[in-house]
Amino acid sequence: MKLKNLQNSKLSKKKIIKKSIIVTGAGGYVGSVLVPMLLKKDFKVIAIDKFFFGKTLPKNRNLRLVRKDARNINSKYFRNIYAVIDLVALSNDPSGNKFPELTWQINYQSRLRTAKISKEMGVKKYILPSTCSVYGNQKKIVSENSKTKPLSIYAKSNLNAEKDIIKLKSKSFVVIVLRQATLFGYSPRMRFDLAVNGMTEGVYKNNLLPIMRNGLQYRPLCHVRDSSRLMVKLINQNLIKYNGQIFNVGSKLCTEKIINIAKIVLNNTNKNAELKWYGNLDNRSYKVSFIKLKKLGFKPKYSINYGVKEMVKFLKNNKIKKNLKSITIKWYSHLDSKGKFLRKI
Ligand SMILES: NC(=O)c1ccc[n+]([C@@H]2O[C@H](COP(=O)([O-])OP(=O)(O)OC[C@H]3O[C@@H](n4cnc5c(N)ncnc54)[C@H](O)[C@@H]3O)[C@@H](O)[C@H]2O)c1
């Protein structure tokens, strides 16, 4: 064989060996954006989920769907896996308050178990997508080293997962924790229970902007595509020097008081819409430093303005609409009332 042909055949062989990634909770809001990105980058993906939100992932020969409860995943799936992105969770405070035991089991115990299996099975990287809500209520700008003040079972279970999973790091097992800001933007598993998404839909549909009392609470935000882009970048990047570290994920430009987020939504939809106040005083308020994220060489791309405009486009095209499924707590409560939700194990 000529040298050039030999080189070409070696190259194509190299291309054929794809790295495999396990994504838990892959059919959720983040997973449905992240998994297509991973597939586009030529990774093989094993998507483990109970798929409570239905078919949100594309058909692809490099994607394997595993409909299993993350709390007792079998270690056989972890053979020859390069990285695990452990998204699975009951993913907000209302769900945590309604299903506290399940939240503890899934967000903390199950992810700790998955991380332990990953390490035992020789997985190289484990990424834990946690939440900035571990900061709770803070007056000063908080960094990854600041004291945490988790106010809900959702935040506490995430914080416990962070603490115990970081302890598992070793030379051959890299652990990275991402404290994501509140996300916004389009996903095939649409969530209208997230601030920007809910406000945009409310104005578009009813000229009413739902806003949580008293509007003065600070909320850092991040587009769901930015948080997914970061996870893809981490899979590709050498992370040894960041092993066991925590990163806040979001940007200063996307940190606003809730009332200002409402103004941005109104400016991009209908300035004359009415504010519809709801809830008791929201105790969560935090301004977060994202300086450390820059060290990873990552910069979020999408502004709140962009996210709102994009969502209006999708609402106009009927590509997304608010229903029971798009409000996490309502959908889980509905499934539970039909006996189709999770049981305690
Ligand atoms: N969306 C946000 O604004 C945000 C912000 C910060 C952190 N996070 C974190 O990011 C992760 C993903 O969030 P999301 O918005 O995609 O949530 P989501 O609720 O849309 O997705 C969670 C997925 O987990 C699945 N699931 C739940 N319990 C399961 C179980 N026991 N076994 C198997 N599958 C199960 C659900 O079917 C769902 O597809 C979560 O850990 C969440 O806490 C999200």
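Quick note on the numbering used here: the sequence shown kicks off at 3 and runs consecutively. A virtual CB, placed ideally from N, CA and C, is assigned to each residue, including glycine. Quick caveat, the model's predicted, so the values are computed rather than measured.
Report, in whole angstroms, the separation of the C-beta atoms of residue i and residue j, which I expect to be a contact under 8 Å.
i	j	result
Ile24	Tyr79	6 Å
Thr271	Val177	Their Cβ separation, rounded to whole angstroms, is 41 Å, which puts Thr271 and Val177 out of contact at 8 Å.
Gln140	Tyr288	5 Å
Leu210	Ala275	6 Å
Ile179	Ser132	For clarity, residue 179 is Val in the given sequence; the question names Ile instead. Val179 to Ser132, Cβ: 5 Å. Contact.
Thr116	Ala72	7 Å
Gly246	Lys173	Gly246 to Lys173, Cβ: 11 Å. No contact.
Val234	Val267	Not a contact, Cβ separation roughly 28 Å.
Leu114	Asp166	5 Å
Met201	Ile242	Wrong, their Cβ atoms sit about 41 Å apart, outside the cutoff.
Ser189	Val35	5 Å
Does the Cβ-Cβ distance between residue i and residue j come in under 9 Å?
i	j	result
Arg231	Lys332	no
Gly187	Val136	no
Ile83	Ile168	no
Lys127	Ala85	yes
Lys297	Tyr244	yes
Gly33	Thr58	yes
Cys134	Asn208	no
Arg193	Gly56	no
Pro212	Lys278	yes
Met313	Glu146	no
Phe316	Phe54	no
Gly281	Gln239	no
Cys224	Ala163	no
Asn285	Gly138	yes
Asn74	Ile347	yes
Any idea which residues DSSP pairs residue i with across the strands?
i	result
Lys332	None, per the DSSP bridge assignment.
Val310	In DSSP, Val310 forms no bridge with anything.
Asn139	Ser287
Cys224	Leu185
Ala85	Ile23 and Lys127
Asn250	Arg181
Asp51	Arg69
Met192	None; Met192 has no bridge partner.
Ile213	Trp279
Glu258	Arg221
Ser132	Arg181
Val90	For Val90, which the question treats as bridged, DSSP gives no partner whatsoever.
Ser355	Because residue 355 is not part of the residues shown, which for the chain are 3 to 347, the question remains open.
Val144	Val290
Lys46	Ser22
Which word fits residue i, buried or exposed, when buried means at least 16 other C-beta atoms lie within 10 angstroms of its C-beta?
i	result
Leu354	No answer is possible for residue 354: the residues shown for the chain start at 3 and end at 347.
Arg221	buried
Glu103	exposed
Arg345	exposed
Pro60	exposed
Tyr334	buried
Leu283	exposed
Ile119	buried
Ile260	buried
Asn122	Before going on, a small fix: residue 122 reads as Glu here, not Asn. Exposed, since its Cβ has fewer than 16 Cβ neighbours within 10 Å.
Ser112	buried
Asn307	exposed
Glu181	Here residue 181 is Arg; the residue named in the question, Glu, does not match the sequence. With 16 or more other Cβ atoms within 10 Å, it is buried.
Arg69	exposed
Gly124	exposed
How do the region 284-293 and the region 248-258 stand: do at least 3 beta-carbon pairs fall below 8 Å, yes or no? At 8 Å Cβ cutoff, the stretches touch.
Please confirm if the region 137-151 is in contact with the region 188-201, defined as three or more CB-CB distances below 8 Å between the two stretches. Touching, no.
Touching by the beta-carbon criterion (3+ pairs, under 8 Å), the region 328-343 and the region 211-229: Using a Cβ-Cβ distance cut-off of 8 Å, the region 328-343 and the region 211-229 are not in contact, since fewer than three pairs of beta carbons, one from each stretch, lie closer than that value.
Inter-stretch contact (C-beta, 8 Å, three-pair minimum) for the region 108-118 and the region 70-90: Touching, per the Cβ criterion.
Closer than 8 Å is the cut-off here; do at least three beta carbon pairs connect the region 37-44 with the region 62-78? Enough Cβ pairs lie closer than 8 Å, so yes.
Would you call the region 154-164 and the region 95-103 in contact, with 3 or more CB pairs under 8 Å? Yes, since at least three Cβ pairs between the region 154-164 and the region 95-103 fall closer than 8 Å, the two stretches touch.
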